[in-house]
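Asks: Once you've had a glance at the structure underneath, I'll fire off some questions.
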Amino acid sequence: MYQILTDSCCDVPYTLLNELNVDFISMYIDINGQEMVDDLGKDFDISAFYKKIEEGAMPTTSQVNVGRYVEFFKKYADQKIPILYICFSSGLSGSYQSAVQAVEILREDVPDTEIHVFDSLAASGGEGLMVYEAAQKQKEGASLEELLKWLQTNRLTYQHWVTVNDLNHLQRGGRISKTSAAIGGLMNIKPIIDVDPDGKLRTLEKIRGRKKALQHIADNVVETTADPKHQVIFINTSADLEGAEEVKRLIEEQMQPKEVRIFPLGPTIASHTGLGCIAVFTRGKERK
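In the numbering used here, the protein residues as written are 27 to 314.
Okay, here's the thing in structure tokens:
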């Protein structure tokens, strides 16, 4: 028996993780001087958080520190339960390195501790979908070794297709220049963003108009998804349920996936995208 762990950047509800028997560590967000804990909807009010962004708040995020990881892992290490931690992309956060350091510290006290920190090279629902499928593999009887091998083989097949409505948040995070944000806003430019093989965000295209951007995302999902009849697709959005439903409709017009599930975009990611982000996650062609 082994325990799958993840973090709240996976952006799936805590109720689903409970069903999957997956534990998670929370990210912290600071908004208007108040520190908030992202518990994936258990107590965190995501609608109230979105409202504060709408009112002009600019939240900040911080990586999980080594001490919190030690505490998180220790409760399983003390019980001699092997751990597989599927972590937020190292290309987007230093949390992965903190987790690795925490394992080294724990092994000084408990040398036979078995902890595997797996760099998802994914974010938001991409990480969430990976966790979801890993839990399914465990349920089907995959050993820890078999699951690790499967994850290594399939890690770069998790696709991320993202567009944002507010370029100012990308500018604040250093993703685009202030000039680009201003011009893009005036011209109604919507970037098409994915995650590259190093787990970092990259802008692939700039589409004029929200409607065209959503269609473009749906087309990319259809083009890159493998074996759609057996594929679960996750969609995350920061306060644009109508847009998320539209993308779902556009996808289902062109193919028949096993299931499409829509979740709120968590506060860690939404702090950097602003409101109106639509992100679609699936598995298929390997990222290039």
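Glycine included, C-beta positions come from ideal geometry on N, C-alpha and C.
1. Counting only runs that start and end within the stretch 70 to 157, where is the alpha helix (DSSP H) found for 4 or more residues in a row?
2. On the DSSP bridge assignment, give the partners of ASP49 in chain order.
3. Any idea what DSSP makes of VAL247, helix, strand or coil?
4. Would you call MET27 buried or exposed, if buried means 16 or more other Cβ atoms sit within 10 Å of its Cβ?
5. Using 10 angstroms around the beta-carbon of ARG181, count the other beta-carbons present and answer buried if the total reaches 16, otherwise exposed.
6. Would you mind giving the Cβ-Cβ distance between ALA244 and LYS311, rounded to the nearest angstrom? I have them listed as a contact below 8 Å.
7. Short check: CB of ASP37 to CB of LEU301, under 8 Å?
8. Considering only C-alpha positions, which residue in the set GLN105, PHE307, THR308 and SER297 is nearest to GLY82?
9. Once DSSP output is grouped into helix, strand and coil, what is the label at GLU61?
10. What residues match up with GLY310 in a beta bridge as DSSP calls it?
11. Please classify LYS274: is it buried, with 16 or more other beta-carbons within 10 angstroms of its beta-carbon, or exposed?
12. Is any heavy atom in the ligand SAH found nearer than 7 Å to the beta carbon of VAL38?
13. Could you check whether the stretch 117 to 125 touches the stretch 261 to 277, counting it as contact only if at least three pairs of C-beta atoms, one from each stretch, sit closer than 8 Å?
14. Does the beta-carbon of LYS237 have 16 or more other beta-carbons within 10 angstroms, so that it is buried, or is it exposed?
15. Give the secondary structure of ASN214 by DSSP, where H, G and I count as helix, E and B as strand, and everything else as coil.
16. Smallest Cα separation from ARG94: which of LYS163, ASP33 and PRO137?
17. For GLU140, which residues from the same chain have a beta carbon less than 6 Å from its beta carbon, with the 5 sequence-adjacent residues on both sides left out?
18. Beta-carbon separation of TYR40 and GLY67 under 8 Å?
Replies: So, to answer that:
1. 72 to 80, 92 to 103 and 121 to 135
2. LEU31
3. helix
4. exposed
5. buried
6. Not really, about 16 Å apart at Cβ, beyond 8 Å.
7. no
8. It is SER297.
9. strand
10. THR251
11. buried
12. Only the bare structure without any ligand can be found here, which leaves the ligand SAH out of the picture.
13. no
14. exposed
15. coil
16. ASP33
17. PRO108
18. yes
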